[in-house]
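Okay, structure first, notes after.
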Amino acid sequence: MYENDLDAKYKGALSMGVPGEIAGLYKAWSTYGRLPWKSLFDPAIKLAKDGFIVAPYLANKISTNADKIRNDTGLRQVFAPNGELLKSGDICYNPKLGWTLEAVANKGPKAFYDGVIGENLVKDVQEAGGILTMEDLRNYEVNVMDALAVKTMGYTILGMPAPSSGTLGLAL
C-alpha cells in the first residue's frame, strides 16, 4: 500500500484508521457521565454556528499553513471563506461542523458510524485516495484497556498502551 509513497503512512488519506473518538467518548459518557449527552455538545455547536473571534495564536497557525489551507476545499471554506485567510480578530464560522455535532448530539454515535456523516466522510477519504469504507465505520468497536503506569519521583504517570505512543512517552 505504501510502496510508491512512504510518506502516505504518515499523512494523507492512507494514514488514517477508523475515527474512534465519538464512539470512545460515548462509551465513557455511558459508563461515567451524569449530564445529558446532548448538553455536552451545545457549547461547541454554538461556537461552530455562531462563530468565534480568531485569536492571535490561531491566526499565526492559519498563516503558517496558508498553502495547505488554500489547497484543501474544506479548510479553505473555514479558514479562507472569502478567498482571504482569516486574521486575528476575524470571526471564524464552521456551520458544517455545527451540523455534524448537532446530528451526533441528537442521534448519538450512530449518526456518525452509520449515517450521512459517515457516508460523506468515506466519500471524501476515498476521493483523496484512502480506503476507509462504511463497513469499517459500522464495525468499529471501542476497546477499553487499562492504562500503563510508571512510578517516578513520587508520581504515577499514566499512558496509553500500544499501538499509541504512550509507551514511548513513559520511557522518556
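Last residue of the sequence shown? That's 172 in my numbering, and every number before it is there in order.
Note that the Cβ used here is the ideal one computed from N, Cα and C, for glycine as well.
Expected contact under 8 angstroms - CB spacing of residue i and residue j to nearest Å
i: Tyr173; j: Ala23; result: Lying outside 1 to 172, the shown extent of the chain, residue 173 is not represented and no answer is given.
Contacts around residue i, its chain only, beta-carbon distance under 6 angstroms, and the 5 residues preceding and following it disregarded
i: Val125; result: Ala13 and Leu132
i: Tyr93; result: Gly51
i: Leu75; result: Ile69
i: Pro109; result: Ile22, Ala23 and Tyr26
i: Gly129; result: Ala13
Cβ pair residue i, residue j closer than 8 angstroms
i: Val206; j: Lys27; result: Past the boundaries of the shown model lies residue 206; the chain is included only from 1 to 172, so the question cannot be answered.
i: Ala59; j: Leu97; result: no
i: Ile53; j: Gly89; result: yes
i: Val142; j: Gly17; result: no
i: Ile69; j: Phe79; result: yes
Neighbourhood of residue i by C-beta distance below 7 angstroms, restricted to the same chain and skipping five residues each side
i: Gly166; result: Leu148, Gly159 and Met160
i: Met134; result: Gly118, Glu119 and Val122
i: Asp67; result: none
i: Tyr140; result: Val18, Gly20, Ala23 and Tyr113
i: Ala111; result: Ala103, Val104 and Ile117
In DSSP terms, what residue i is bridged to
i: Leu158; result: Ala149
i: Phe52; result: Cys92
Closer than 8 angstroms to chain C by CB, residue i
i: Pro109; result: Of the protein chains in the structure, only one exists, and it is not chain C.
Own chain partners of residue i with C-beta closer than 8 angstroms, once the 5 adjacent residues on each side are dropped
i: Pro95; result: Ala48 and Lys49
i: Trp29; result: Trp37 and Leu40
i: Asn106; result: Lys38
Span of the alpha helix (DSSP H) around residue i
i: Ile131; result: No alpha helix (DSSP H) contains Ile131, which DSSP labels as neither H nor E.
i: Asp67; result: Ala66 to Arg70
i: Leu25; result: Glu21 to Tyr32
i: Gly74; result: Thr73 to Phe79
i: Ala13; result: Unbroken run through Ala13: none, as it is neither H nor E.
i: Tyr113; result: Lys110 to Tyr113
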